[in-house]
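Numbering (our numbering), first residue to last: 192 to 495.
The C-beta atom is built at its ideal place from N, Cα and C for all residues, glycine as well.
Note that the structure is predicted; figures quoted are calculated from it, not measured.
So the structure is just underneath, and the comments pick up after that.
Printed below as a string of structure tokens:
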């Protein structure tokens, strides 16, 4: 069944199944929960063209009123929503970098299909740059990153900002990003299907985010289809690839596109890891988080 053949009721039932049946269950241990006890979390409502966007501002102890800022977008195929694991990840980043972290709870499909999440998150980033003083952060030291669908949002936002000049992040972090809605999942990284991202699950996410088949070709959703002429001048990038991930091929492809455009790229493939390993604390997550933290510290220092 194509996206154009599905009824709203069909979409709602499919979304409910995806939301109620996670393929990775986050183990919220006392050690992980303790990270939240060490930070201050404030809930914000940030204005966008689609209405207020909910976001959690995570501040480490003693954060200054001109701290750097990392904006984080969670994964979930644009269908599954924010979870506490996302703010736990943000607390870890805040404590290790001294930055404040804005953890974004953006609108989901199928209730809000493409380009709603992209536009909402783009507006949120523009607001953060324009209202840095209200957040108690330094507008010259703002980085953007995300995981899976959140990596897609990160790449698309940076692409658009590079075209418009609306704002200039100091770093973009693409963590096992989804970057190609046009290619069938079975053709992306052959032989990579696993229990975390079965091909049919990936097809279901696509059915729920797309308004029409043409949306799959839009470079703000399928960022690997961006015009190479739009890539020079992009912020430095960290691209994390899970070796056992069906999305590995498109992440590597986009990383290479950025390199060929002259962008400073730190590209790392974690051979023994599955999709979702960083936020769920699995496999090589400790090493991957260390790479993210080091890259953020370096980017914030260079922008000082």
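Residues 239 and 240 of the same chain have their beta carbon placed closer than 6 Å to that of residue 314, with the five preceding and five following residues left out of the count.
Two segments are said to touch when three or more pairs of C-beta atoms, one from each, lie closer than 8 Å; by this definition the region 205-212 does not touch the region 244-261. Following the DSSP letters along the chain, one finds residue 342 inside the alpha helix (DSSP H) bounded by residues 340-355. Straight across, the Cα-Cα distance linking residue 414 with residue 309 is about 12 Å. Excluding five sequence positions before and after residue 316, the CB atoms of its chain that fall closer than 7 Å to its own CB belong to 262, 335, 348 and 358, given in chain order.
Straight across, the Cα-Cα distance linking residue 398 with residue 440 is about 21 Å. If you check the CB distance, residue 305 and residue 401 come in under 8 Å. Looking at the DSSP output, residue 459 sits in a beta bridge with 431. With a minimum length of 4 residues, the unbroken runs of alpha helix (DSSP H) contained wholly in the region 369-424 fall at 390-400. In this structure the region 408-426 does not lie against the region 387-395, because fewer than three pairs of beta carbons, one per stretch, are closer than 8 Å. By the criterion of a C-beta distance shorter than 7 Å, residue 484 is surrounded in its chain by 284, 287 and 288, once the five residues flanking it on both sides are discounted. Per DSSP, residue 307 lies in no beta strand (DSSP E) segment; the continuous alpha helix (DSSP H) that holds it begins and ends at 307-321. Here residue 221 is exposed, its C-beta having fewer than 16 other C-beta atoms within 10 Å.
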